[in-house]
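Quick note on numbering: our numbering labels position 291 of the sequence shown as 298, and the sequence is numbered without any gaps. Built from N, CA and C at the ideal position, the CB exists for glycine as well. Scroll down for the structure; my scribbles are underneath it.
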Amino acid sequence: MQKKFYVSTPIYYINGKPSIGHAYTTIIADVLARYHRMLGERVLFLTGTDENSQKNVEAAAAVGKAGDIQGYLDEMAAIWERTWDSLGLTHDRFIRTTEPAHRSAVGTFWKAVEANGDIYQGAYEGLYCKGCEAFYSEADLVEGKCPLHKTAPETIKEKNYFFRLTKYRDVLLEHIGKHPEFIRPESRRNEVLSYVRDFMTDISITRSSMKWGIPVPGDESQRIYVWFDALINYLTGAGYPDANDWWPCDLHLVGKDIIKFHCALWPAMLLSAGLPLPASVFAHGFFTVNGDKMSKSLGNVIDPVDIANQYDNDTLRFFLIREIMLGGDGDFSEARLKERYNGELANELGNLVQRVLSMTEKYFDGRIPERAEGFLAGAWPAYRLAMDEVRLNDALDVVWSLVRQANQYVESQAPWKLAKLGEDKMLADTMYVLLETLRHIAWMLLPFMPLTSKRILQSLNLTVADEFSQSAESAWVWGELTPGGTIKKGEALFPRKE
Ligand code: MSP
């Protein structure tokens, strides 16, 4: 049976435009989705927007749309969707939490949790940060302020419904302990374990003071807490409550800021509703811009579309993944981007492709010579393992070491000398090895740099579809490039930027 792969991104708040941080998560999900499609798997790549948050409501009011919140959300959601489209992302479903399908799924889910005895009424008093949409204890605050938003939380006092989160403490600890792949990377697992063991309490899952959001089934005076509603998007996006085989999700991709919601609250909710848990949550780090935290107040929020317009979509993807170690924190700087573009893309990859094609034109009239043995050994297994373990940096390393090996091979073989000396067989072997290596590089680049990959394959006179319904593995065998075929040298892939 065809394997399935279901990957999700967080659903984003749309009180502003997408930043390069949001693009980072979504691009990683796209790389993985393309990789699994390339393996011949059935893929569901879900992303979307978190629309029932109080901050979206305030953002609507700030632009004079307090009377038409849904209209404001429609405009903003369209901006987000257009952004992902313009970056060439291949999400299969864009979910919005104001969709009727989601509202109804949340109602069904709520009733399942309630039927299990996990919802009770109580009075709540606590410190609430609107930026995080979360309650804090005094101990969480830094000088009385939210550590992330640097604003003082407000005191909220109301009658709410609570979720019996603590009932699931032991099951969660056991599950996390038994399944190391459930929370990755490992450093995050310890953070979650300590929270679940020592700090987790039952949480309030409704607001009586809120007018926006999904009403509690049977009590219209209360709205469901935005996180309780938002997490359920992963089920709605997979067709819940209808039976289907997408759930459980294979990989929730999130930033490290929202790990507790995904690794404690969400699995507890699923256990309560009697549903299986996702296989894995992977948390990437946060990045700064030129060393500073990216924030609206600092005015240094980078628009991913600006970068893509200045360079191209593939360069943006390449840079984000190459520059920032997945799982760790990193920094985004345009100087580094330009350096990598001119170095790794223009000088290394672009130059390799250009010179191999030029020499094939020059010495063989653009025809592919007879087969010869190359130096690919071990590259595919290393690449596959890295991709399967979500070590995207390592997978790109495999590709770049091939690019470098190929460039060194050009230098050491010096085809121009072989041509002068009349070493025809050695010249032919050298060119075949280089052309065939280019083909493998193109395939490995497909999930990361789909346009570049396609251009390289086209220059080898090979065609490739955007989506693969069939496994491409047969194409990864050495020697698949057919002798006698003609190559087509095109424009330089990455013209240098001064
Ligand atoms: N709406 C919630 C998520 C609900 S999921 C059921 C939310 N939204 S958010 O708009 O604030 O997006 C947070 C996510 O954006 C982070 O988890 C991360 O994936 C991404 N990032 C936003 N800024 C980022 C950086 N500066 N660096 C890396 N990723 C960042 O939280």
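Let's test the definition: count the other Cβ atoms within 10 Å of the Cβ of Met8 and tell me whether it reaches 16, buried, or not, exposed.
As a working mapping, residue 8 is identified with position 1 in the sequence shown. It counts as exposed.
State yes or no: is the C-beta of Val261 nearer than 7 Å to some heavy atom of the ligand MSP?
If you number the sequence shown from 1, residue 261 lands on position 254. Flag set: Cβ of Val261 near the ligand MSP.
Tell me, please, whether the stretch 88-101 touches the stretch 259-272 by the rule of three or more beta-carbon pairs shorter than 8 Å.
In short, these stretches do not touch, since the Cβ pair count stays below three.
Which value, in whole angstroms, describes the spacing of the CA atoms of Glu88 and Lys164?
On the sequence shown, position 81 is the one that residue 88 refers to. On the sequence shown, position 157 is the one that residue 164 refers to. Straight-line measurement puts the Cα of Lys164 at about 37 Å from the Cα of Glu88.
Pull up the DSSP beta-bridge partners for Asn167, would you.
By one-based count along the sequence shown, residue 167 stands at place 160. Answer is Gly129, bridged to Asn167.
For Lys174, which three-state DSSP category applies?
Position 167 of the sequence shown holds residue 174. Helix, per DSSP.
With 16 other CB atoms within 10 Å as the buried threshold, where does Trp253 fall?
As a position in the sequence shown, residue 253 is number 246, starting the count at 1. Buried: at least 16 other Cβ atoms inside 10 Å.
Tell whether a beta-carbon distance below 8 Å holds between Tyr348 and Lys504.
Within the sequence shown, numbered from 1, the residue matching residue 348 stands at position 341. Within the sequence shown, numbered from 1, the residue matching residue 504 stands at position 497. Cβ atoms of Tyr348 and Lys504: closer than 8 Å.
Indicate whether the contact test is met: 3 or more Cβ pairs, each with one atom in the stretch 329-349 and one in the stretch 378-387, closer than 8 Å.
no
By the three-class DSSP mapping on this structure, what secondary structure does Tyr19 have?
On the sequence shown, position 12 is the one that residue 19 refers to. Strand, per DSSP.
What is the DSSP secondary structure of Ala290, counted as helix, strand or coil?
To locate residue 290, count along the sequence shown from 1; it is residue 283. The answer is strand: DSSP assigns Ala290 an E or B state.
What residues in its chain sit with their C-beta under 7 Å from that of Arg41, if we drop five residues either side in the sequence?
Within the sequence shown, numbered from 1, the residue matching residue 41 stands at position 34. Answer for Arg41: Thr97, Leu453, Pro454 and Pro457, listed in chain order.
Starting from His259, trace the alpha helix (DSSP H) in both directions and tell me its first and last residue.
As a first step, residue 259 must be located in the sequence shown, where it is residue number 252. Looking at the DSSP string, His259 is not in any alpha helix (DSSP H); the run it does join, the beta strand (DSSP E), is Leu258 to Gly262.
Using a 10 Å radius around the Cβ and a threshold of 16 neighbouring Cβ atoms, would you call His5 buried or exposed?
Coverage of the chain is limited to positions 8 through 505, which leaves residue 5 absent and any answer about it impossible.
Exposed or buried, what is Asn63 when buried is set at 16 or more other beta-carbons lying within 10 Å of its beta-carbon?
Here residue 63 corresponds to residue number 56 of the sequence shown, with the count starting at 1. Buried, by the Cβ-count rule.
What's the call for Ile21, buried or exposed, on a 16-neighbour Cβ count within 10 Å?
Numbered from its first residue, the sequence shown carries residue 21 at position 14. Buried, by the Cβ-count rule.
Please classify Tyr127 as buried or exposed, where buried requires at least 16 neighbouring CB atoms within 10 angstroms.
The residue labelled residue 127 in the question sits at position 120 within the sequence shown. So Tyr127 ends up on the exposed side.
Nearest to Glu368 by CA position, among Ala449, Ile494 and Ile448, is which residue?
Numbered from 1 along the sequence shown, position 361 holds the residue referred to as residue 368. Checked all of Ala449, Ile494 and Ile448; the closest Cα to Glu368 is Ile494.
I want to check one thing, is the minimum distance from the CB of Asp37 to the heavy atoms of the ligand MSP below 7 Å?
Translated into the one-based positions of the sequence shown, residue 37 becomes position 30. False, no ligand heavy atom lies under 7 Å from that Cβ.
Using only the heavy atoms of the ligand MSP, determine whether one of them is closer than 7 Å to the beta carbon of Asp313.
The residue you call residue 313 lines up with position 306 of the sequence shown. No.
Within a Cβ cutoff of 6 Å, which residues of the same chain sit near Ser476, ignoring the five residues on either side of it in sequence?
In the sequence shown, counting from the first residue as 1, residue 476 sits at position 469. With a pLDDT of 49 at Ser476, under the threshold of 50, the modelled position of this residue cannot be trusted; read the value that follows with caution. Cβ within range, chain order: n/a, list empty.
Mind pulling the beta strand (DSSP E) runs of 3 or more residues that sit fully within the stretch 45-78?
The stretch 45-78 contains, as complete beta strand (DSSP E) runs of 3+ residues, the segments 49-57 (chain order).
Report whether the distance from the Cβ of Ile221 to the nearest heavy atom of the ligand MSP is below 7 Å.
On the sequence shown, position 214 is the one that residue 221 refers to. No - the ligand MSP has no heavy atom lying nearer than 7 Å to the Cβ of Ile221.
Going by the beta-carbon positions, is the gap between Met366 and Met438 smaller than 8 Å?
Within the sequence shown, residue 366 is the residue found at index 359, counting from 1. Within the sequence shown, residue 438 is the residue found at index 431, counting from 1. In this structure, Met438 lies closer than 8 Å to Met366 by Cβ.
Using DSSP bridges, identify the partner residues of Pro222.
To locate residue 222, count along the sequence shown from 1; it is residue 215. Paired residue(s): Arg230.
Can you look up Lys152 in the DSSP assignment and give me helix, strand or coil?
Against the sequence shown, residue 152 aligns to sequence position 145. Three-state DSSP puts Lys152 in a strand.
Which term fits Phe501, buried or exposed, when burial requires 16 or more other beta carbons within 10 angstroms of its beta carbon?
For the purposes of this step, residue 501 is identified with residue 494 of the sequence shown, where counting begins at 1. Burial call: buried.
Find out if the Cβ-Cβ distance for the pair Gln488, Leu467 is shorter than 8 Å.
By one-based count along the sequence shown, residue 488 stands at place 481. By one-based count along the sequence shown, residue 467 stands at place 460. Strictly speaking, residue 488 in this sequence is Leu, with Gln absent from that position. Contact flag set, yes.
So, at 7 Å on beta carbons, what are the nonlocal neighbours of Gly491 in its own chain, with the 5 sequence-adjacent residues on each side left out?
As a working note, residue 491 is residue 484 in the sequence shown. For Gly491, where only same-chain residues beyond five positions count, the Cβ hits under 7 Å are Arg374 and Ile375.
Check whether the Cβ of Pro536 sits closer than 7 Å to any heavy atom of the ligand MSP, and report yes or no.
The first residue shown for the chain is 8 and the last is 505, placing residue 536 beyond what the model contains.
Measure how close the beta-carbons of Gly138 and Cys153 come, nearest whole angstrom, since I'm counting them as under 8 Å.
Within the sequence shown, residue 138 is the residue found at index 131, counting from 1. Within the sequence shown, residue 153 is the residue found at index 146, counting from 1. Indeed, because the Cβ distance is near 6 Å, the residues count as touching under 8 Å.
Are at least three pairs of beta-carbons, each pair with one atom in the stretch 53-71 and one in the stretch 285-302, less than 8 Å apart?
no
Provide the residue(s) that pair with Thr493 in DSSP beta bridges, ordered along the chain.
For this step, residue 493 is matched to residue 486 along the sequence shown. The partner list for Thr493 (beta bridge, DSSP) reads Arg374.
Measure the C-alpha to C-alpha separation of Glu351 and Arg343 and round it to an integer number of angstroms.
What you label residue 351 is simply residue 344 of the sequence shown in a count that begins at 1. What you label residue 343 is simply residue 336 of the sequence shown in a count that begins at 1. Going from the Cα of Glu351 to the Cα of Arg343 covers about 11 Å.
Use the C-beta contact count for Pro107: other C-beta atoms within 10 angstroms, 16 or more gives buried, fewer gives exposed.
The residue given as residue 107 occupies position 100 in the sequence shown. Answer is exposed; the Cβ neighbour count stays below 16.
Examine the ligand FAD and report whether any of its heavy atoms sits within less than 7 Å of the Cβ of Ser26.
With respect to small molecules bound, the structure shown includes the ligand MSP and not the ligand FAD.
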